[in-house]
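There are 2 protein chains.
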Amino acid sequence: MEVKILQNALKANDSIAIENERKLKERKIFSVNMMSSPGSGKTTILEETIRKLGDTVKIAVIEGDVKTTMDADRLVKFGIPVVQINTETFGSSCHLDANMVSKGLDSIMEEKFDLLFVENVGNLVCPAGYKLGTCRNVVVLSVTEGEDKPPKYPLIFRNSDLLLINKTDLLPYLDFDMKKLEKSVREIKVDMEIFHLSAKSGEGLEQWIDWLKKGIKEARNGS
Amino acid sequence: MEVKILQNALKANDSIAIENERKLKERKIFSVNMMSSPGSGKTTILEETIRKLGDTVKIAVIEGDVKTTMDADRLVKFGIPVVQINTETFGSSCHLDANMVSKGLDSIMEEKFDLLFVENVGNLVCPAGYKLGTCRNVVVLSVTEGEDKPPKYPLIFRNSDLLLINKTDLLPYLDFDMKKLEKSVREIKVDMEIFHLSAKSGEGLEQWIDWLKKGIKEARNGS
Numbered sequence: 116m117e118v119k120i121l122q123n124a125l126k127a128n129d130s131i132a133i134e135n136e137r138k139l140k141e142r143k144i145f146s147v148n149m150m151s152s153p154g155s156g157k158t159t160i161l162e163e164t165i166r167k168l169g170d171t172v173k174i175a176v177i178e179g180d181v182k183t184t185m186d187a188d189r190l191v192k193f194g195i196p197v198v199q200i201n202t203e204t205f206g207s208s209c210h211l212d213a214n215m216v217s218k219g220l221d222s223i224m225e226e227k228f229d230l231l232f233v234e235n236v237g238n239l240v241c242p243a244g245y246k247l248g249t250c251r252n253v254v255v256l257s258v259t260e261g262e263d264k265p266p267k268y269p270l271i272f273r274n275s276d277l278l279l280i281n282k283t284d285l286l287p288y289l290d291f292d293m294k295k296l297e298k299s300v301r302e303i304k305v306d307m308e309i310f311h312l313s314a315k316s317g318e319g320l321e322q323w324i325d326w327l328k329k330g331i332k333e334a335r336n337g338s
Numbered sequence: 116m117e118v119k120i121l122q123n124a125l126k127a128n129d130s131i132a133i134e135n136e137r138k139l140k141e142r143k144i145f146s147v148n149m150m151s152s153p154g155s156g157k158t159t160i161l162e163e164t165i166r167k168l169g170d171t172v173k174i175a176v177i178e179g180d181v182k183t184t185m186d187a188d189r190l191v192k193f194g195i196p197v198v199q200i201n202t203e204t205f206g207s208s209c210h211l212d213a214n215m216v217s218k219g220l221d222s223i224m225e226e227k228f229d230l231l232f233v234e235n236v237g238n239l240v241c242p243a244g245y246k247l248g249t250c251r252n253v254v255v256l257s258v259t260e261g262e263d264k265p266p267k268y269p270l271i272f273r274n275s276d277l278l279l280i281n282k283t284d285l286l287p288y289l290d291f292d293m294k295k296l297e298k299s300v301r302e303i304k305v306d307m308e309i310f311h312l313s314a315k316s317g318e319g320l321e322q323w324i325d326w327l328k329k330g331i332k333e334a335r336n337g338s
């Protein structure tokens, strides 16, 4: 019985996700769902991305957090459309779902933008189970979290298109086995794209920006 | 209707938690539920604790993970009783609940031990909502996660007795505002005990060991 309720809930989520996807596609918007543990550096990556890309591309953000508008406050300073979703008020606080994103979209669809970031709740488990209707899923892993995370949290890696290995500026101070990490990620998702990133040193930012530009171009061409 | 189901589920969890608490109290075992984000260093703290305390105190561990026995494998090397719970097989993978801990207890209760660690799933949201029946809740926060976490994830801080601020050896390489963190924690829980810890430099380990010894003594005296 319980399983049936869960399946229906997931089915309902998927049908709203398809509707989100349709809306975004119709508007030729490239959309990216950013997932990670708390404190992996998602918001800082977005800040750097807006700095580098915000002059040439119109960007909007749907910001997911259990509570507070702290992350949204950091991004709204750039003068872009940002909507904060506090998951607590929706009753299932540990992840964004397609319905929350749909509500978020409704509130910023009057704005004109080409690139939408959905910053998920900091959580390496629950967000992976909910399709939002975005073009791409990106998982961010900070090197400070250790190289053992992919086999322990496989679903979020399996359901992502790109892995950003972040805070690489801290590698000299850590016992971190990059080869082991990349090997274990490929065992879960053989064709995972992997970029090394550091908002502090600037490593990998260009590669990330190019990846976004390619996606924006594809969305514009309707592919 | 859904809320009613949820309330019943939580009520069921609480009654199993009370039963766990009774069992542990009867056996005069001091028990600690360790909660944190993925990669905050919980298992490394346990390794150091077993090294420092394992000769004089009998320790057991219930290890919670979505998948794999990687953390349990690290601890079983010390020759202590360890039981791995893969939450995935219980259908709600993002946290431990009292029923899982009860099953874990059943499988190690034949062993004789005075200190039980329950290492929760790496997740700063969901574990906070589930009482397990342990004597204490401890939340671990790595300084690499940033000082903005308490207001964004208040429940886990509100429901913990002790905050271990971990990986302080990395502070020289980070922009981390310790005063701001501690202030925001006290705003959520005014009497939170806070220790600074580094498994690498050894900072705070003695204070943590003393805290455990005090708890073990109290449990032994039935207080």
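Each protein sequence line maps, in turn, to chains Z and E. For our numbering, count along the first sequence from 1 and bump the result up by 115. For our numbering, count along the second sequence from 1 and bump the result up by 115. Glycine is no exception: its CB is placed at the ideal position from the N, C-alpha and C atoms. Remember, predicted model here, so these are calculated numbers, not experimental data.
Through-space distance from residue j to residue i, alpha-carbon basis
i, j, result
"residue 316 of chain E", "residue 284 of chain E", "6 Å"
"residue 208 of chain E", "residue 170 of chain Z", "42 Å"
"residue 250 of chain E", "residue 310 of chain E", "18 Å"
"residue 313 of chain E", "residue 323 of chain E", "11 Å"
"residue 116 of chain E", "residue 210 of chain Z", "For residue 116 of chain E, the predicted structure reports a pLDDT of 43, less than 50, and the residue's modelled location is therefore unreliable. A value from the coordinates is still provided. Spanning the two alpha carbons is a distance of roughly 22 Å."
"residue 334 of chain E", "residue 140 of chain E", "7 Å"
"residue 232 of chain Z", "residue 261 of chain E", "21 Å"
"residue 215 of chain E", "residue 279 of chain Z", "33 Å"
"residue 196 of chain E", "residue 289 of chain Z", "30 Å"
"residue 227 of chain Z", "residue 219 of chain Z", "14 Å"
"residue 269 of chain E", "residue 156 of chain Z", "19 Å"
"residue 103 of chain E", "residue 153 of chain Z", "The requested residue 103 of chain E does not occur in the structure, where chain E is confined to residues 116 to 338."
"residue 174 of chain Z", "residue 125 of chain Z", "29 Å"
"residue 318 of chain Z", "residue 160 of chain Z", "12 Å"
"residue 329 of chain Z", "residue 168 of chain Z", "13 Å"
"residue 128 of chain E", "residue 294 of chain Z", "41 Å"
"residue 331 of chain E", "residue 176 of chain E", "15 Å"
"residue 199 of chain Z", "residue 187 of chain Z", "6 Å"
"residue 239 of chain Z", "residue 241 of chain E", "11 Å"
"residue 149 of chain Z", "residue 147 of chain E", "33 Å"
"residue 276 of chain Z", "residue 182 of chain Z", "28 Å"
Beta-carbon proximity of residue i to residue j, cut-off 8 Å
i, j, result
"residue 132 of chain E", "residue 213 of chain E", "yes"
"residue 266 of chain Z", "residue 185 of chain E", "yes"
"residue 271 of chain E", "residue 258 of chain E", "no"
"residue 263 of chain E", "residue 172 of chain E", "no"
"residue 193 of chain E", "residue 165 of chain E", "yes"
"residue 135 of chain E", "residue 217 of chain E", "yes"
"residue 235 of chain Z", "residue 256 of chain Z", "no"
"residue 158 of chain E", "residue 189 of chain E", "yes"
Residue burial classification, residue i (beta-carbon count within 10 angstroms, cutoff 16)
i, result
"residue 180 of chain E", "buried"
"residue 77 of chain Z", "Any property of residue 77 of chain Z remains undetermined from this structure, which presents chain Z solely from 116 to 338."
"residue 225 of chain E", "exposed"
"residue 130 of chain E", "exposed"
"residue 336 of chain Z", "exposed"
"residue 222 of chain E", "exposed"
"residue 163 of chain E", "buried"
"residue 340 of chain Z", "Residue 340 of chain Z is absent from the structure shown; chain Z starts at 116 and stops at 338."
"residue 151 of chain E", "buried"
"residue 206 of chain Z", "exposed"
"residue 202 of chain E", "buried"
"residue 246 of chain E", "buried"
"residue 302 of chain Z", "exposed"
"residue 204 of chain Z", "exposed"
"residue 305 of chain Z", "exposed"
"residue 178 of chain E", "buried"
Interface residues of chain E facing residue i [CB-CB closer than 7 Å]
i, result
"residue 288 of chain Z", "285 and 288"
"residue 360 of chain Z", "Outside the displayed range of chain Z (116 to 338) lies residue 360 of chain Z, so it cannot be described from this structure."
According to DSSP, residues forming a beta bridge with residue i
i, result
"residue 179 of chain E", "E:200"
"residue 277 of chain Z", "Z:253 and Z:308"
"residue 133 of chain Z", "According to DSSP, residue 133 of chain Z bridges with nothing at all."
"residue 147 of chain E", "E:232 and E:251"
"residue 174 of chain Z", "Z:230"
Interface residues of chain E facing residue i [CB-CB closer than 9 Å]
i, result
"residue 252 of chain Z", "In chain order: nothing, as chain E lies at least about 17 Å away."
"residue 257 of chain Z", "154, 259 and 260"
Within chain Z, partners of residue i - CB distance below 9 Å
i, result
"residue 185 of chain E", "263, 266 and 267"
Where residue i meets chain E, residues with beta-carbon distance less than 8 Å
i, result
"residue 180 of chain Z", "267"
"residue 236 of chain Z", "240"
is_contact[residue i, chain B] using C-beta, thresh 8 Å
i, result
"residue 186 of chain Z", "This model lacks chain B altogether, as its protein chains are Z and E."
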